[in-house]
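Down below is the structure, laid out as structure tokens.
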Amino acid sequence: MRSVHLIICDLFLPQDFAAEVCAGLRLPALKKMLARGTSTGPAQTGEINSLEEMLCKAFGVSGQPIAPLSAAFDGLGEGCWLRADPVHLRLQRDQLLLLPDVEAGADEAGQLCAALNEHFAGQGMEFFAPHPQRWYVRMDRLPDIETVPLSQAAGRNVHGLLPKGREASRWHQILNEIQMLLFAHPLNEVREARGELPVNSLWLWGCGLNVLPQKNYDCVSSDEVLAGMFAAAAGVPFAEWPKQWNASLTLALSQRERGFSSEDRQLLVWTGLRSALQRGDLDAWRAALQEFETGYAQPLWQALRAGKIAQLQLDVLGGDRTRRLLLTRTDAWAFWRRNRPLAEYPMV
């Protein structure tokens with residue numbers, strides 16, 4: 000019997016506008032999952048407040064050393080890495096808001112990294128930009144700091160989200176120097192003239208040394224590249240997020256790599272709601288959720304009721320916590336557990 004671990008980001012909305020946004024949605028299968036699952040409260044022990052932390056725990060990785068994992072995925076090899084992703088900081092009243100996804104072309108990234116490397120020469124750090132949205136700092140040693148993932152800082156006031164820890168003051172100074180250098184770089188004037196946001200800061204996060212995720216799944220499917228990074232590092236087959244969940248396709252994916260097994264373990268990670276919510280596009284949020292109901296919730300629910308899935312683990316990420324539900328075939332037939340409107344669920 001196969002088990003499925005499903006992670007959904009930003010399913011539960013804040014109560015002040017949840018009822019209006021969720022009105023008219025037809026989600027019979029998803030509502031049954033939420034109503035009939037056995038809640039285990041916060042996932043595992045303590046609070047899990049980011050997808051990065053959830054995936055680290057799912058693959059048996061201590062802490063959140065995302066940088067070395069993604070550096071290997073981007074072809075940079077082993078070492079002591081820190082993500083330094085290009086962002087734009089916008090002053091809005093008394094807040095400094097972080098806008099992510101400020102892409103720089105290969106030539107632009109090369110120019111900015113060259114300027115950074117010249118400025119910080121001899122200080123034990125070197126900047127790399129192998130991907131428009133994923134930049135890195137390679138360091139001589141692991142810094143004693145705690146950082147916040149970019150996904151958790153996106154669209155928020157950065158006050159209180161900057162690096163913490165014993166060496167925090169040093170890295171705040173480094174960040175100030177980075178921002179002054181980027182602000183003065185002529186490339187950003189060119190970007191602004193083209194109507195593009197200037198790259199006026201880097202978001203530092205995910206520091207760590209080489210990591211080896213455990214092979215806790217037989218196949219992984221997601222619309223989030225980070226899940227693909229974990230799968231690649233663990234040697235687990237990965238598939239891009241299809242429009243519809245199909246048991247035979249995911250089973251074939253795992254069989255192709257390791258032969259037949261009746262203990263197939265699947266990980267499904269969906270972030271389609273998060274991207275819409277971060278854009279402030281609530282119509283897109285509704286449309287994405289309705290597509291998920293048809294393409295995933297309904298076939299998963301039918302497979303659970305038919306006994307084709309032994310266990311479905313549902314983790315709903317949002318806000319600063321995670322809600323975990325476990326469902327078996329017996330739970331699927333517990334009709335006395337009444338559905339609730341999606342808007343009535345508190346934001347997890």
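Using numbering that gives the first Met the number 0, the first residue of the sequence shown is number 0, and each one after it goes up by one. Ideal Cβ positions, reconstructed from N, Cα and C, are used throughout, including at glycine.
Local Cβ density within 10 Å of alanine 228, reported as buried at 16 or more and exposed below that: Walking along the sequence shown from the start, residue 228 turns up at place 229. Here residue 228 turns out to be methionine, not alanine, going by the sequence shown. Classification of methionine 228: buried, given that the 10 Å Cβ count is 16 or more.
Same chain, Cβ closer than 7 Å to alanine 17, five either side skipped, listed in chain order: Indexing the sequence shown from 1 puts residue 17 at position 18. Cβ within range, chain order: Ala342.
Inter-residue spacing [alpha-carbon to alpha-carbon] between aspartate 93 and valine 157: Counted from its first residue, the sequence shown places residue 93 at position 94. Counted from its first residue, the sequence shown places residue 157 at position 158. One C-alpha to the other measures close to 11 Å.
Every unbroken alpha helix (DSSP H) inside the stretch 36-87 [4 residues or more]: 50-57, 65-72
Distance CB(glycine 207)-CB(alanine 66) smaller than 7 Å: Against the sequence shown, residue 207 aligns to sequence position 208. Against the sequence shown, residue 66 aligns to sequence position 67. Cβ atoms of glycine 207 and alanine 66: closer than 7 Å.
Start-end ranges of the alpha helix (DSSP H) lying completely within the stretch 205-234, minimum 4 residues: 224-233
Where valine 416 falls: helix, strand or coil (DSSP): An answer regarding residue 416 cannot be provided, because it is not within the stretch 0 to 347 covered by the chain.
DSSP beta-bridge partners of serine 2: Mapped onto the sequence shown, residue 2 falls at position 3. Bridge partners of serine 2: Arg264, Gln310.
Candidates Lys242, Asn48, Ser220, of which the one nearest alanine 287 by Cα: Taking the first residue of the sequence shown as 1, we reach residue 287 at position 288. Considering only alpha carbons, the answer is Lys242.
For arginine 264 and phenylalanine 237, the rounded distance between their alpha carbons: In the sequence shown, counting from the first residue as 1, residue 237 sits at position 238. In the sequence shown, counting from the first residue as 1, residue 264 sits at position 265. Going from the Cα of phenylalanine 237 to the Cα of arginine 264 covers about 13 Å.
For alanine 305, three-class secondary structure by DSSP: If you number the sequence shown from 1, residue 305 lands on position 306. In the structure shown, alanine 305 sits in coil (DSSP, three-state: anything other than H, G, I, E or B).
Top-ranked residue by Cα proximity to arginine 273, from Ala153, Gly123, Gln213: For the purposes of this step, residue 273 is taken as the residue at position 274 of the sequence shown. Comparing Cα positions, the closest option is Ala153.
Own chain, CB closer than 7 Å to valine 86, minus 5 neighbours either side, in chain order: Residue mapping note: residue 86 aligns to position 87 of the sequence shown, counting from 1. Cβ within range, chain order: Leu97, Leu98, Pro99, Val101, Ser200, Leu201, Trp202.
Top-ranked residue by Cα proximity to arginine 339, from Ala22, Leu88, Asp15: Residue numbering aside, residue 339 sits at position 340 when the sequence shown is read from its first letter. Among Ala22, Leu88, Asp15, the Cα nearest to that of arginine 339 belongs to Ala22.
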